[in-house]
Amino acid sequence: MCRAMTIADGRHPYDTLPDDAFWRLAVAAKSPFELNAIWRPKAPLRRDAMVATAGSCFAQHISRALKRRGFGWLDTEPAPFGMPPDVAESFGYGVFSFRTGNIYSAALLRQWLDWAAGDAAPSDELWRDDDGRWFDPFRPAIQPGGFSDADDVRAARATTLRAIRRGVSSADVFLFTLGLTECWQDAGTGEVFPLCPGVAAGRYDAQRHILRNFGFERIRDDLQAAIAVLKRLNPSIRLILTVSPVPLIATVTGEHALVANTYTKSTLRAVAGELAAGDPAVDYFPSYEMVATAPMRGMFYNPNMRTITPAGVAFVMEAFFAEQGAAPAEPTPSAPPPPASPTANDLACEEELLDAPQ
């Protein structure tokens, strides 16, 4: 028989909680810069660990920070020898661990992994423009100006699939940044695209190309399936999930962009939290909370209220490495750095094409 607890029964669970369990003490009474131990990783990131990164634009900040601090970042599809770094980046080399371009959705991650693992045959679809140039629908911005022929597209995709399999098999940690719930899908094949056809390449067909705004269950199922592939290829792999604090750039749902973005980020955050809570091999790093929530006062956003300032990136990265035990600090330059160019903090982000001048 249940009995209601009374004061006479003794102390309740809230009496023994630490300060950081109370909003007043842990958040309201502190400057954002005094917040500490926001992230409690299940296991520290070893200095010799090899980390593979993929996902939305914000994942690039983590890969850059790993390299600067001397951690192992996996690049299983490096640029051709002698290619200048800026050119290599424009062709998708050195941006993520594999040359996939941005993977904004869990569905697209699952699709790439299924192809790489041999669980599904890679798509036959290719796009050709009016100038006879060929594009990969699943990473349409990866080759500026397109490929010269269809066989080059197929060969490049096969190279990337091998790089994914090789990278996953050798990684200690796979870090994936979730970005969007909205996704464009081929109504006939079920294949998903990173961008709406017609934006970077291809032609939009309203009867064929369908907007999907995936909900909690579909995103959870896609991520669970992706994690299962990762573990099958590498039983000892650990995962770190993050949610990008960068808002969506546009929505086709009919909702106001602010409302659509709130749905997107809250859904992704809920999925990541559930998976991390239920799987000891999955961790959640709260990059979203450290930039986009009320205590941060919007101070880490540029005037466009979308892209993140260098100070915001540094704040998030400090929190990431602060909980890694003996993680090395950022190297101190021996001389002042040169003035930053306007694009010094730019990321490779195909979604920006949605807001490009017409």
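In terms of my numbering, the sequence shown opens at residue 1 and continues consecutively. Even glycine gets a Cβ: it sits at the ideal position worked out from N, Cα and C. For clarity, every value in this text was computed on a predicted model and none was experimentally measured.
Exclusion of the five residues before and after residue 267 leaves 181, 216 as the residues of its chain whose Cβ lies within less than 6 Å of its Cβ. Contiguous alpha helix (DSSP H) elements confined to the segment 257-293 occur at 257-278, 289-292, taking only those with 4 or more residues. If you compare the alpha carbons of 300, 249, 35 with that of residue 309, the shortest gap goes to 300. In this structure residue 134 is buried. Its beta-carbon is surrounded by 16 or more other beta-carbon atoms within 10 angstroms. In terms of Cβ geometry, residue 147 and residue 156 form a close pair [threshold 8 Å]. Inclusion of residue 249 and residue 352 in the CB contact set at 8 Å is warranted, their separation being smaller than that value.
Between residue 178 and residue 55 a beta carbon distance of about 7 Å is seen, short of the 8 Å cut, so the two are scored as contacting.
Assignment of residue 117 by DSSP, reduced to helix, strand and coil, places it in the helix class.
Collapsing the DSSP output to three states places residue 66 in a helix. By the Cβ neighbour-count rule, residue 23 is exposed, with fewer than 16 other Cβ atoms within 10 Å of its own. Ranked by Cα distance from residue 229, the options 121, 21, 165 are led by 165. Per DSSP, the unbroken beta strand (DSSP E) holding residue 211 starts and ends at 209-213.
Taking residue 237 as the centre and dropping the five residues before and after it, the same chain places the C-beta of 168, 171, 172, 173, 174, 230, 231, 281 closer than 8 Å to its C-beta, in chain order. Relative to the Cα of residue 87, the nearest Cα in the group 298, 144, 201 belongs to 144. When DSSP reads this structure, residue 176 sits in a beta bridge with 54, 241.
Close CB contacts of residue 315 within its chain, under the 7 Å cut and outside five residues either way in sequence, are with 290, 300 (chain order). C-alpha of residue 233 to C-alpha of residue 227: approximately 10 Å in a straight line.
Using a C-beta cut-off of 8 Å, the segment 194-203 makes no contact with the segment 72-82, since fewer than three inter-stretch Cβ pairs fall below that distance. Inclusion of residue 259 and residue 219 in the CB contact set at 8 Å is not warranted, their separation being larger than that value. Judged by pairs of C-beta atoms under 8 Å, the segment 105-113 does not touch the segment 124-134, as fewer than three such pairs exist. With distances taken between CA atoms, residue 34 lies nearest to 296 out of 296, 321, 305.
For residue 224, the enclosing alpha helix (DSSP H) has its first and last residue at 216-233. Residue burial is scored here from C-beta neighbours: residue 42 has fewer than 16 other C-beta atoms within 10 angstroms and is therefore classed as exposed. Taking every protein chain shown into account, the CB of residue 105 has 16 or more other CB atoms within 10 angstroms, so this residue is buried. Within the same chain, and ignoring the five residues on either side of residue 319 in sequence, the residues whose Cβ sits closer than 7 Å to its Cβ are 38, 39, 290.
Distance from the CA atom of residue 53 to the CA atom of residue 140, rounded to whole angstroms, is 20 Å.
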